[in-house]
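Trainee: One line per chain: the protein sequences are A and B, in this order.
Per our numbering, residue 1 is the first one in the first sequence, and the count goes up by one each step.
Per our numbering, residue 258 is the first one in the second sequence, and the count goes up by one each step.
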Amino acid sequence: MSDAVFELDDISVHYGYARALEGVSLRVGPGEVVALLGDNGAGKSTLLKVMSGAHRPTTGRMLVRGQPVEFRSPRDAATAGIEMVYQDLALVDAMDIAANLSLGREPLLRGPLGWLGFINRRAMRDQSQAELDALGVRTAPVNRSVEMLSGGQRQVVAIARSAARLPERGVLLMDEPTAALGHEQTELVEDLIRTLAAQGTSIVIVTHNLPLAFSVSHRTVVLNRGRKVADALTADCDGDSVVSWITGASVQLDAAR
Amino acid sequence: MTVATIASVHQIARGEKLPGRVRGLILVRDQGLLALFIVLVIVFAFWGAPHFFTLATGISVLNSAAIAGIYAAGVTVGVMTGVLDLSVPGTAALAGVVTGLLLQGGAPVPLALLAGLAIGCVVGLVNGLIAIRGFDPLIVTIAMLSALGGLSLLLANDYNISGLTQLQFMGTQTYLGIPAPVYIAVLVFAALTVFLRYTRTGMRLLAVGGGREAARRVGIEVNRYRVLGFMISGFCAALGGIVTTAYITTAVPSASVGIVFSAMTAVALAGVPFVGGRGSLPRVALGAVVVSTISAGLLLAKVPTDWSSIVTGALLVGGLGLNMWTTKTTSKLLLSGGRTAAAIGRAS
Numbered sequence: 001m002s003d004a005v006f007e008l009d010d011i012s013v014h015y016g017y018a019r020a021l022e023g024v025s026l027r028v029g030p031g032e033v034v035a036l037l038g039d040n041g042a043g044k045s046t047l048l049k050v051m052s053g054a055h056r057p058t059t060g061r062m063l064v065r066g067q068p069v070e071f072r073s074p075r076d077a078a079t080a081g082i083e084m085v086y087q088d089l090a091l092v093d094a095m096d097i098a099a100n101l102s103l104g105r106e107p108l109l110r111g112p113l114g115w116l117g118f119i120n121r122r123a124m125r126d127q128s129q130a131e132l133d134a135l136g137v138r139t140a141p142v143n144r145s146v147e148m149l150s151g152g153q154r155q156v157v158a159i160a161r162s163a164a165r166l167p168e169r170g171v172l173l174m175d176e177p178t179a180a181l182g183h184e185q186t187e188l189v190e191d192l193i194r195t196l197a198a199q200g201t202s203i204v205i206v207t208h209n210l211p212l213a214f215s216v217s218h219r220t221v222v223l224n225r226g227r228k229v230a231d232a233l234t235a236d237c238d239g240d241s242v243v244s245w246i247t248g249a250s251v252q253l254d255a256a257r
Numbered sequence: 258m259t260v261a262t263i264a265s266v267h268q269i270a271r272g273e274k275l276p277g278r279v280r281g282l283i284l285v286r287d288q289g290l291l292a293l294f295i296v297l298v299i300v301f302a303f304w305g306a307p308h309f310f311t312l313a314t315g316i317s318v319l320n321s322a323a324i325a326g327i328y329a330a331g332v333t334v335g336v337m338t339g340v341l342d343l344s345v346p347g348t349a350a351l352a353g354v355v356t357g358l359l360l361q362g363g364a365p366v367p368l369a370l371l372a373g374l375a376i377g378c379v380v381g382l383v384n385g386l387i388a389i390r391g392f393d394p395l396i397v398t399i400a401m402l403s404a405l406g407g408l409s410l411l412l413a414n415d416y417n418i419s420g421l422t423q424l425q426f427m428g429t430q431t432y433l434g435i436p437a438p439v440y441i442a443v444l445v446f447a448a449l450t451v452f453l454r455y456t457r458t459g460m461r462l463l464a465v466g467g468g469r470e471a472a473r474r475v476g477i478e479v480n481r482y483r484v485l486g487f488m489i490s491g492f493c494a495a496l497g498g499i500v501t502t503a504y505i506t507t508a509v510p511s512a513s514v515g516i517v518f519s520a521m522t523a524v525a526l527a528g529v530p531f532v533g534g535r536g537s538l539p540r541v542a543l544g545a546v547v548v549s550t551i552s553a554g555l556l557l558a559k560v561p562t563d564w565s566s567i568v569t570g571a572l573l574v575g576g577l578g579l580n581m582w583t584t585k586t587t588s589k590l591l592l593s594g595g596r597t598a599a600a601i602g603r604a605s
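1) By a C-beta neighbour count over all protein chains shown, 10 Å radius and 16 as the cutoff for buried, is residue 479/B buried or exposed?
2) With 8 Å as the threshold, decide whether the Cβ of residue 475/B is near any Cβ in chain A.
3) In the structure shown, what three-state DSSP assignment does residue 67/A receive?
4) Helix, strand or coil, according to DSSP, for residue 260/A in the structure here?
5) Chain B partners of residue 203/A, CB-CB under 9 Å?
6) Could you name the residues of the segment 531 to 547 of chain B whose beta carbon sits closer than 7 Å to any beta carbon of chain A, in the order they occur along the chain?
7) Using the Cα positions of residue 346/B and residue 159/A, report the straight-line distance between them to the nearest angstrom.
8) Residue range of the alpha helix (DSSP H) that residue 403/B falls in?
9) What is the DSSP secondary structure of residue 258/A, counted as helix, strand or coil?
10) Look at residue 354/B and residue 412/B and say whether their C-beta atoms are less than 8 Å apart.
11) When you compare the CB of residue 122/A with every CB in chain B, is at least one pair closer than 8 Å?
12) DSSP on residue 539/B, reduced to helix/strand/coil?
13) So, is residue 328/B buried or exposed, given that buried needs 16 or more other C-beta atoms within 10 angstroms?
14) Using the rule of at least 16 other Cβ atoms within 10 Å of the residue's Cβ for burial, across every protein chain shown, is residue 484/B buried or exposed?
15) Taking a Cβ distance cut-off of 9 Å, strictly less, list which residues of the segment 69 to 95 of chain A are near chain B, in chain order.
16) Provide the residue(s) that pair with residue 36/A in DSSP beta bridges, ordered along the chain.
17) With H, G and I counted as helix, E and B as strand and the rest as coil, what does DSSP make of residue 176/A?
18) CA-CA distance, residue 568/B and residue 314/B?
19) Starting from residue 521/B, follow the alpha helix (DSSP H) in both directions and report where the run begins and ends.
20) Would you mind sorting residue 447/B into buried or exposed? The rule is 16 or more other CB atoms within 10 Å of its CB.
21) I need the DSSP call for residue 188/A, collapsed to helix, strand or coil.
22) Does the beta-carbon of residue 491/B have 16 or more other beta-carbons within 10 angstroms, so that it is buried, or is it exposed?
23) Under the three-state reduction of DSSP, which class applies to residue 276/B: helix, strand or coil?
24) Within 10 angstroms of its Cβ, does residue 106/A collect 16 or more other Cβ (buried), or is it exposed?
25) Where residue 487/B and residue 349/B are concerned, what is the direct C-alpha to C-alpha distance, given to the nearest angstrom?
26) To the nearest whole angstrom, what separates the beta carbons of residue 509/B and residue 417/B, a pair I think is in contact under 8 Å?
27) Are the Cβ atoms of residue 457/B and residue 117/A separated by less than 8 Å?
28) Would you give the residue range spanned by the alpha helix (DSSP H) that residue 379/B belongs to?
29) So residue 226/A and residue 20/A are supposed to be a Cβ contact under 8 Å. How far apart are they, rounded?
30) Looking only at its own chain, which residues have a Cβ that is under 7 Å from the Cβ of residue 94/A, when we skip the five neighbours before and after it?
31) So, helix, strand or coil for residue 559/B, using DSSP?
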């Protein structure tokens, strides 16, 4: 696995005496979907924050496509090709889908009006439509405002927004992408994840939703009390062992090994 | 699982229109103010006859709406960025006093105007720079209101600065029968509307107001836009103060708090939610016209003037109520509509 897109090496995060993460290593290959599982307080969110640049690790190093990186902010992570889809989505409700997808990189008109900062609305819509089409999703007209969308559609818009900012072979981090969704909407998001992975995007999903983890991930990583207690191909995992890793029933076994 | 399934399960079909009742409600929400205005004009045309439905009254209503509207425009931009700027009356008083003092001292008119407007921008800048440090903007702007009121009284030595006839061209002067403040207000509203709707900076300003977290996460420098919102509000307040000074040829150094309340009334009547991120400036202009129509109409109908503020208060709550009702009903309808659409997709 020397061609790992994103590599964490011996990452620890200490808050004073509290140890949120202890020597966690993780490799994500191109187009690979990794499910990051663990009970509340196991360190999933902290690890996600380290990966997304929101939090600096106390020790350890990270490599993106073989290059060592140090993230001071989520912007640094984004520059390195790592985007995060937050659980709260953080969309601008009052704006339409196109505006939400283009926010921060709005196309301007050509010529003098563009120099004055005038937006090219048509280009914005076309570009957004193209981005949604590339992901194989059609949610609603791109000029529909986000507040009029269903939960699943919003999730799709949030994922598309992050995905559209990724470079070739980028990394997408997702925090509980299906937490607030019903069955059908969850399927929609699962399909979207598969599509993205098939296009070469590496994806790390933090979730409590085991069926989601089993249905989309290639590899399952389990954290328990800040340590990585399992890292296996999802195809080789069965539900019972994953649950016991999460609850910590087998931690002693691993430690004894 | 193919792409086609995704589309059919989830889509409310591309290009499909919103349900009819939703569109109806949105129409009520968006055009209710216009309907209210028309009703008011008709009522007062009879009740306030023979003086109300005349060109002279119309022009005077427009004129007072224009001055209130300039303030309201600034307050609106503040509200859209998620801030209620209460320092507006203080800024207006200080800008008027500084412009007045400069003119009295023999400074050229453009210089005096520029100085007054620059003060508005500086006040906004200071407000903004304090607020982004995490201070509650409401308290910051109240403090600013108090400080600026005191400062302008100090500068003016507690006296009104009168006889400022140099500013007549933007005060009492009429062009084609319409007073100068109306042109200024129209210009301000047009410029700000274009700015918010069609420029990148305007769009980001609205995004910061409506979804600060969203804006921050896509890499927008949120604080820069918050400060900009304060500066636009300060600029409009200063402009309003200068136009008022020009209109009454006197700079009044005491901050009149009523300004910000009539501006807020216009903003609320226009259905601009105070949580930020949305709202229509042209409708705020109409809101200002409605407020001044009510006071002029009641005056001409020989109703004691105190009633006009009572009526305005009642309208305000009524407007908010209507707004809440349409919003709630719309989302309820949309939710049930969404479920039906999904069900149809599943069946097909």
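Glycine residues also receive a C-beta, built at the ideal position from the N, C-alpha and C atoms.
Small disclaimer: the values here were computed from a predicted structure and weren't measured.
Mentor: Walking through what the data contain:
1) Indexing the second sequence from 1 puts residue 479/B at position 222. The residue in question, residue 479/B, is buried, as its Cβ has 16 or more Cβ neighbours within 10 Å.
2) Along the second sequence, read from residue 1 onward, the residue named residue 475/B stands at position 218. Cβ-Cβ to chain A under 8 Å: yes for residue 475/B.
3) One-based indexing of the first sequence puts residue 67/A at position 67. It is a strand residue.
4) This structure cannot speak to residue 260/A, because chain A is shown only from 1 to 257.
5) Locating residue 203/A in the first sequence gives position 203, counting from the first residue. Those within 9 Å of residue 203/A in chain B number zero; the least Cβ separation is about 17 Å.
6) 534, 535
7) Position 89 of the second sequence holds residue 346/B. Position 159 of the first sequence holds residue 159/A. If I take the Cα positions, the gap works out to 45 Å.
8) Start at 1 with the first residue of the second sequence, and residue 403/B comes out as number 146. That run of the alpha helix (DSSP H) goes 394 to 412.
9) Beyond the ends of chain A as shown, which are 1 and 257, falls residue 258/A; an answer cannot be given.
10) Taking the second sequence and counting its residues from 1, the one referred to as residue 354/B is at position 97. Taking the second sequence and counting its residues from 1, the one referred to as residue 412/B is at position 155. In contact: residue 354/B and residue 412/B (Cβ atoms closer than 8 Å).
11) Locating residue 122/A in the first sequence gives position 122, counting from the first residue. For residue 122/A, the answer is no, since every Cβ of chain B falls outside 8 Å of its Cβ.
12) Start at 1 with the first residue of the second sequence, and residue 539/B comes out as number 282. Helix.
13) Sequence index remark: in the second sequence, residue 328/B carries index 71 (1-based). So residue 328/B counts as buried.
14) Here residue 484/B corresponds to residue number 227 of the second sequence, with the count starting at 1. Classification of residue 484/B: buried, given that the 10 Å Cβ count is 16 or more.
15) 74, 75, 78, 84, 86, 88, 89, 90, 91, 92, 93, 94, 95
16) Residue mapping note: residue 36/A aligns to position 36 of the first sequence, counting from 1. For residue 36/A, which the question treats as bridged, DSSP gives the partners 206/A, 221/A.
17) The count along the first sequence starts at 1 and reaches residue 176/A at position 176. Correct three-state label for residue 176/A: coil.
18) One-based indexing of the second sequence puts residue 568/B at position 311. One-based indexing of the second sequence puts residue 314/B at position 57. Distance between the alpha carbons of residue 568/B and residue 314/B is about 20 Å.
19) One-based indexing of the second sequence puts residue 521/B at position 264. Here the alpha helix (DSSP H) through residue 521/B covers 515 to 526.
20) The residue labelled residue 447/B in the question sits at position 190 within the second sequence. The residue in question, residue 447/B, is exposed, as its Cβ has fewer than 16 Cβ neighbours within 10 Å.
21) Position 188 of the first sequence, counted from the start, is the residue given in the question as residue 188/A. Helix.
22) Numbered from its first residue, the second sequence carries residue 491/B at position 234. With 16 or more other Cβ atoms within 10 Å, it is buried.
23) Walking along the second sequence from the start, residue 276/B turns up at place 19. Correct three-state label for residue 276/B: coil.
24) By one-based count along the first sequence, residue 106/A stands at place 106. The residue is buried, with at least 16 neighbouring Cβ atoms inside 10 Å.
25) As a position in the second sequence, residue 487/B is number 230, starting the count at 1. As a position in the second sequence, residue 349/B is number 92, starting the count at 1. Their Cα atoms are separated by approximately 14 Å.
26) The residue given as residue 509/B occupies position 252 in the second sequence. The residue given as residue 417/B occupies position 160 in the second sequence. About 5 Å separates the two Cβ atoms, so the contact holds.
27) As a first step, residue 457/B is located in the second sequence; it is residue number 200 there, counting from the start. As a first step, residue 117/A is located in the first sequence; it is residue number 117 there, counting from the start. In contact: residue 457/B and residue 117/A (Cβ atoms closer than 8 Å).
28) In the second sequence, residue 379/B corresponds to position 122, counting from 1. Element bounds for residue 379/B: 366 to 388.
29) Translated into positions along the first sequence, residue 226/A becomes position 226. Translated into positions along the first sequence, residue 20/A becomes position 20. About 6 Å separates the two Cβ atoms, so the contact holds.
30) Counted from its first residue, the first sequence places residue 94/A at position 94. 145, 147, listed in sequence order.
31) As a working mapping, residue 559/B is identified with position 302 in the second sequence. In this structure, residue 559/B counts as coil in the three-state DSSP scheme.
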